[in-house]
Every structure is written in structure tokens, then in C-alpha cells.
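**Q** Here it is: the structure, laid out below.
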Amino acid sequence: MPRKAINADGAVSVGPYSHAVESGNLIYLSGQTPIDSKTGKLVEGDIITQTEQSFKNLFNVLYSAGLSPDDVIKVTVFLTDMRDFLAMNSVYSKQFSSPYPARTTIGVNELPLGAQVEIEMIARRG
Numbered sequence: 040m041p042r043k044a045i046n047a048d049g050a051v052s053v054g055p056y057s058h059a060v061e062s063g064n065l066i067y068l069s070g071q072t073p074i075d076s077k078t079g080k081l082v083e084g085d086i087i088t089q090t091e092q093s094f095k096n097l098f099n100v101l102y103s104a105g106l107s108p109d110d111v112i113k114v115t116v117f118l119t120d121m122r123d124f125l126a127m128n129s130v131y132s133k134q135f136s137s138p139y140p141a142r143t144t145i146g147v148n149e150l151p152l153g154a155q156v157e158i159e160m161i162a163r164r165g
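Numbering (the working numbering), first residue to last: 40 to 165.
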């Protein structure tokens, strides 16, 4: 089964990859960092601001695929500082309704362009 790429206005790629790829009824969304699509630069600010922008970018991809946050089944969050976990959670908790998607949060040394957070998702159609 060939890959079906999904690319969205309002999301920026910083490398050679699709914003999302659909395979069967699953949509794999590439990680999004807090890049402002209007400027092509990272948003300035704290982890709350950066997490909000990352979700904005991801939801643009979801909506382009004809999906919504309710279709997300798995989220992976990468943080460069695990002390930001609670602040990231304060934003995360407002993005989804219960029951929440499965999630993993991973501490990493560094992210592209100096981002503090990167988030990727898997969604299901139908």
C-alpha cells in the first residue's frame, strides 16, 4: 500500500518529510516544533507559548486531513527540560477531552532550531 502524504498550510517542515502520512485508517503526524508559519521562525517565549504553538501546528495538519483532536489516539512529547513537564501539561490538558489519548513524554538533550518542545501524534480515521 503506497504512502499517502498530507501537507497542510499553517505548518512548516524543517526537513524533507511530509506533515503526515496516512496508512489504512491511521494517520501518522510528524513532530511539530513551535514554528510560526507566518515567519518560519520559532515563537519566542516560555514552554507554555511553545507548547501552544506546537499544538496549533499539529491541529492544522489534523484539520487538513479532515480530522479533529478527538481522532488522536497517541501523542509523544519531547522536552529539552523535564522541569517543564507541569507547565506543558497545563497546555496539554486543554487540547483534548477525556478520555485522553495515550501519551509518552521523553526528555531529550536538544531539538531542531533550539525548540524546547516537539510533539508528534497518531490519529485514527473512523
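By construction, the Cβ of each residue, glycine as well, lies at the ideal position given by its N, Cα and C atoms.
1. Please state whether DSSP places G70 in a helix, a strand or coil.
2. By DSSP, does G54 sit in helix, in strand, or in coil?
3. Any idea what DSSP makes of F117, helix, strand or coil?
4. In terms of residues, what are the limits of the alpha helix (DSSP H) holding T78?
5. Could you spell out where the beta strand (DSSP E) holding V100 opens and where it closes?
6. Within 7 Å of any Cβ in chain C, is that where the Cβ of T144 sits?
7. Just the C-alpha distance for A59 and E159, rounded to the nearest angstrom, thanks.
8. Rounding to the nearest angstrom, what Cα-Cα distance links S62 and D120 in this structure?
**A** Based on what the coordinates show:
1. What you label residue 70 is simply residue 31 of the sequence shown in a count that begins at 1. Strand.
2. As a first step, residue 54 must be located in the sequence shown, where it is residue number 15. Note: G54 maps to coil in three-state DSSP.
3. Locating residue 117 in the sequence shown gives position 78, counting from the first residue. F117: strand per DSSP, three-state reduction.
4. As a working note, residue 78 is residue 39 in the sequence shown. Here T78 belongs to no alpha helix (DSSP H), and DSSP marks it neither H nor E.
5. One-based indexing of the sequence shown puts residue 100 at position 61. Where V100 is concerned, there is no enclosing beta strand (DSSP E), although the alpha helix (DSSP H) it sits in stretches over 86 to 103.
6. In the displayed structure, chain C is absent; only one protein chain is listed.
7. Numbered from its first residue, the sequence shown carries residue 59 at position 20. Numbered from its first residue, the sequence shown carries residue 159 at position 120. In a straight line, the C-alpha of A59 is about 10 Å away from that of E159.
8. Working through the sequence shown from its first residue, we reach residue 62 at position 23. Working through the sequence shown from its first residue, we reach residue 120 at position 81. The straight-line gap from Cα to Cα measures roughly 33 Å.
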